[in-house]
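A.B. asks:
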Amino acid sequence: MVKQYEYYCGLRLDATLLPRKIQWGGGKRELADVLYCWGSYFVNQKFRDVVEGLEPGKHQFEPVEMLWKDGSHAGDYFWFFPLQRLDSMDREHTTHEFRERRGRFTWQRKTRGQWVFNLRQVGDNHIWIDSHARLRTLPISSTLKQALTETSVTGIAFEEFKAV
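The letter at position 148 of the sequence shown is residue 192 when you use the working numbering, and the numbering goes up by one with no holes.
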């Protein structure tokens, strides 16, 4: 099982051991442009084109073929690894607790806490991993959200957060 943790996400990995074929479950159907399974993102060329259009060469895309249970071709995808690591949370406005855990500082999620991004710290980045927070989704810029929406990329949902 692959698990994402803030202290290793956002780093280039040696892709030689990644599977190049994955059996996808369920009945045969048209797959979404973005698939999320076992802590990993699988994206097709449409998604890649949008991201590369805004951040060329900045992230890692590794080819993988999706197969149906009978071995037939389901789709050509990429393992997607965002490689931009940012300390993107605003220390004054985020209401989750920022404290030391296992020798490093991380944001500790509170039930009623609120994430607030610092736009100066985000800069001109469009998709990233926060180096101190375990977020349930990948943070993206409003520019990337608009581009994904305009190109009708499927398999994604958006959640809006405050930013200062």
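The beta carbon of each residue, even a glycine, is placed where N, CA and C say it ideally should be.
Please read all numbers here as calculations on a predicted model, not as lab measurements.
Using the three-state DSSP reduction, which class does Ala59 fall into: helix, strand or coil?
C.D. replies: Reduced to three states, the DSSP call for Ala59 is helix.
A.B. asks: Counting beta carbon pairs with one atom in the region 53-63 and one in the region 90-108, are three or more of them shorter than 8 angstroms?
C.D. replies: Flag = yes, the region 90-108 and the region 53-63 touch.
A.B. asks: Under 8 angstroms between the Cβ atoms of Val166 and Phe205?
C.D. replies: Taking 8 angstroms as the Cβ cut-off, Val166 and Phe205 do not qualify as a contacting pair.
A.B. asks: Compare the Cα-Cα distances from Gly97 to each of Ile200, Phe202, Gly199, Thr195 and report the closest residue.
C.D. replies: Nearest C-alpha to Gly97: Thr195.
A.B. asks: Tell me the rounded alpha-carbon separation between Trp151 and Leu182.
C.D. replies: At Trp151 the pLDDT is 48, less than 50, meaning the model places this residue with poor confidence and gives no usable figure here.
A.B. asks: By Cβ distance, which residues of its chain are closer than 8 angstroms to Lys90, with the 5 residues on each side in sequence left out?
C.D. replies: Correct list, in chain order: Asp77, Thr195, Val197.
A.B. asks: What does DSSP give as the partner residues of Ala201 in its beta bridges?
C.D. replies: Partner(s): none; Ala201 has no beta bridge.
A.B. asks: To the nearest angstrom, report how far apart Asp134 and Thr187 are at their CA atoms.
C.D. replies: Whole-angstrom Cα-Cα distance: 20 angstroms.
A.B. asks: Give me the residue from Glu74, Leu62, Ser116 with the minimum Cα distance to Phe122.
C.D. replies: That would be Leu62, whose Cα lies nearest to the Cα of Phe122.
A.B. asks: Please list, in chain order, all residues of the same chain as Asn88 whose beta carbon is under 6 angstroms from its beta carbon, the five residues on each side excluded.
C.D. replies: Excluding sequence neighbours, Asn88 sits near Asp77, Tyr121.
A.B. asks: Does the Cβ of Tyr49 have 16 or more other Cβ atoms within 10 Å, making it buried, or fewer, making it exposed?
C.D. replies: With a pLDDT of 47 at Tyr49, under the threshold of 50, the modelled position of this residue cannot be trusted, and the question is left open.
A.B. asks: Which residue's Cα is closest to the Cα of Arg156: Gln128, Gly70, Thr139, Tyr85?
C.D. replies: For the residues Gln128, Gly70, Thr139, Tyr85, the minimum Cα distance to Arg156 belongs to Thr139.
A.B. asks: Give, in chain order, every unbroken run of the beta strand (DSSP E) that is at least 3 residues long and sits entirely within the region 85-113.
C.D. replies: DSSP runs (the beta strand (DSSP E)) wholly in the region 85-113: 104-111.
A.B. asks: His137 to Asp114, Cα distance in whole Å?
C.D. replies: One C-alpha to the other measures close to 52 angstroms.
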